[in-house]
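S.K.:
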Amino acid sequence: MIERLEALRAEGIEALTGAHDADALEAWRLRFLGPKGKLKDAMTAFAGLPKDQKAAVGQRMNEVRAALEGAFSEKKASSEGAASAGPVHDVSEPGLVRSEAVGRKHIITRVRDELVDVFARMGFDVAEGPELESDENNFVKLNIPADHPARDPADNFYVDDPRGTDRPRMLRSQTSTVQVRVMEAAVRAGGGRLAGPVRVVAPGRVYRPDTVDATHSFMFHQIEGLFVDRGVSVADLKSTLASFAHAYFGPAAQVRLRPSFFPFTEPSAEFDMKIRLREGQPERWIELGGCGMVDPAVFEACGIDPEEWTGFAFGFGIERLAMGKYGIPDIRMLFENDLRFLSQV
Ligand code: DAH
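So the sequence shown is residues 2 to 346, counted in the numbering used here.
(1) Between which residues of its own chain and H222 is the CB-CB distance below 8 Å, once the five residues before and five after are set aside?
(2) Between F228 and ligand 1, is the CB less than 6 Å from at least one heavy atom?
(3) Can the beta-carbon of F265 be found less than 7 Å from the beta-carbon of V229?
(4) Just to confirm before moving on: does the CB-CB distance between G130 and T178 stay below 7 Å?
(5) Do you know offhand how far A25's Cα is from E81's?
(6) Assuming L31 and L69 are in contact, meaning their beta carbons sit under 8 Å apart, how far apart are those beta carbons, in whole angstroms?
(7) Starting from T311, follow the alpha helix (DSSP H) in both directions and report where the run begins and ends.
(8) Give me, in chain order, the residues of the same chain whose beta-carbon lies closer than 8 Å to that of T176; leave out the 5 immediate sequence neighbours on both sides.
(9) Any chance the CB of G293 is under 6 Å from a heavy atom of ligand 1?
(10) Helix, strand or coil for S261, going by three-state DSSP, please let me know.
(11) Counting along the chain, where does the alpha helix (DSSP H) carrying H247 start and finish?
(12) Is E132 helix, strand or coil by DSSP?
(13) With the cut-off set at 7 Å, would you say R285 and D273 are in Cβ contact?
(14) Taking the alpha-carbon positions, what's the G13 to E101 distance?
(15) Give every residue of the same chain whose Cβ lies closer than 8 Å to the Cβ of Q54, excluding the five residues on either side of it in the sequence, and list them in chain order.
(16) Rounding to the nearest angstrom, what Cα-Cα distance links Y249 and V89 in this structure?
(17) Between the C-alpha atoms of D237 and S244, what's the straight-line distance to the nearest angstrom?
(18) What residue range does the beta strand (DSSP E) around T266 cover?
(19) Over the uninterrupted alpha helix (DSSP H) stretch that includes G13, give me the two end residues.
(20) When you compare the CB positions of E137 and R173, do they come within less than 7 Å of one another, or not?
(21) May I ask which residues mark the beginning and end of the beta strand (DSSP E) holding E225?
(22) Taking the alpha carbon of A254 as the point to measure from, which residue in R277, I145, L116 and S269 has its own alpha carbon closest?
(23) Taking 6 Å as the cut-off, is the C-beta of G205 nearer than that to any heavy atom in ligand 3?
(24) Taking the C-alpha atoms as reference points, what is the distance between E288 and D162?
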């Protein structure tokens with residue numbers, strides 16, 4: 002019996018060296034240590050031994066079982082270790098598709114691009130001007146005289162003290178400044194006179210020390226439009242703005258011009274659109290901006306002959322347009338940069 006046990010130990014250890022994976026190890030375990038395995042057979046034979054042999058054989062049987070179990074768990078641990086330390090890159094794996102979180106354009110930037118696009122289709126070029134402007138371009142050349150309340154230092158972000166210098170600078174309060182720049186540049190290009198029509202839109206930031214609330218901010222965006230040609234009329238202004246509203250808000254958009262006053266246009270109007278700002282609320286008219294026929298005094302300030310040229314201009318608030326189009330109830334949402342909001346619009 003002792004020899005049989007030693008043979009079993011040798012056979013088991015020998016067989017274990019040939020078991021290289023989890024399946025082979027499990028088959029080995031069943032064959033030697035399992036409930037119907039070889040050790041079990043030996044134990045059955047042990048039961049039939051005469052009493053005087055039992056002590057010695059029993060002790061040897063325990064040793065053989067411990068040796069086989071020990072060898073087994075050692076082999077198992079080392080083969081698992083080998084498996085986990087295996088090749089890091091399995092070249093047969095399909096390529097990993099990894100998507101990085103990609104940002105996107107801010108809603109105001111997208112609306113600005115959309116607006117520029119709509120006007121580009123109507124033949125408007127894009128112009129730009131600086132945010133730090135002379136008060137001459139922001140006011141004087143736009144026919145806003147020195148005593149006009151719009152020039153009150155409390156209502157503007159002056160960079161220089163307007164009482165201390167002749168040409169104070171300020172953060173522009175309107176993109177109408179770009180009208181002046183575009184017309185002056187066109188006159189310069191024409192060698193001192195306007196040589197042809199002008200048709201531009203100018204989007205950009207403007208600044209006013211307004212108290213922040215749901216519809217006001219100290220910084221916001223406007224898009225200015227200017228059309229100068231021979232024989233431009235109010236009908237051109239109306240039809241351009243209606244085409245714009247229908248292109249941007251859809252054919253059902255209702256718009257109206259409401260008589261108003263701006264120093265740089267005559268006649269002047271407010272441009273309103275009927276819109277539902279919040280689900281469940283009634284539609285109401287909201288003011289998108291101002292417009293009118295370019296005042297002859299503005300043409301003259303820019304070196305353009307008002308007897309030869311006429312034109313219209315408009316200036317809209319981009320935030321207002323964005324809020325109307327995307328149903329945004331509060332302008333502050335556009336500037337808080339809360340990703341939960343930005344990823345929705
Ligand atoms: N600049 C005006 C404002 O900020 C808006 C405006 C009104 C622009 C009439 C124009 C215009 O070009 O013709 O309130």
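Ideal placement from N, C-alpha and C gives every residue a C-beta, glycine not left out.
M.R.: Reading off the structure:
(1) The answer, listed in chain order, is I109, R113, P204, G205, R206, V207, G318, I319 and E320.
(2) No, ligand 1 has no heavy atom inside 6 Å of this Cβ.
(3) no
(4) yes
(5) Going by the C-alpha atoms only, they are around 13 Å apart.
(6) Not quite, the Cβ-Cβ distance comes to about 13 Å (not below 8 Å), so this is no contact.
(7) Counting along the chain, T311 falls outside any alpha helix (DSSP H), though it belongs to the beta strand (DSSP E) covering T311 to G318.
(8) G130, A203, P204, G205, V207, Q223, I224, E225 and G316
(9) yes
(10) strand
(11) Where H247 is concerned, the enclosing alpha helix (DSSP H) stretches over V235 to F250.
(12) coil
(13) no
(14) Approximately 53 Å between the Cα atoms of the pair.
(15) Counting only Cβ-Cβ distances below 8 Å, and skipping sequence neighbours, we find M2.
(16) 54 Å
(17) Computed Cα separation, rounded: 10 Å.
(18) T266 to I276
(19) I3 to T18
(20) no
(21) M220 to D230
(22) R277
(23) Summarising the ligand content, the structure contains ligand 1 and does not contain ligand 3.
(24) 32 Å
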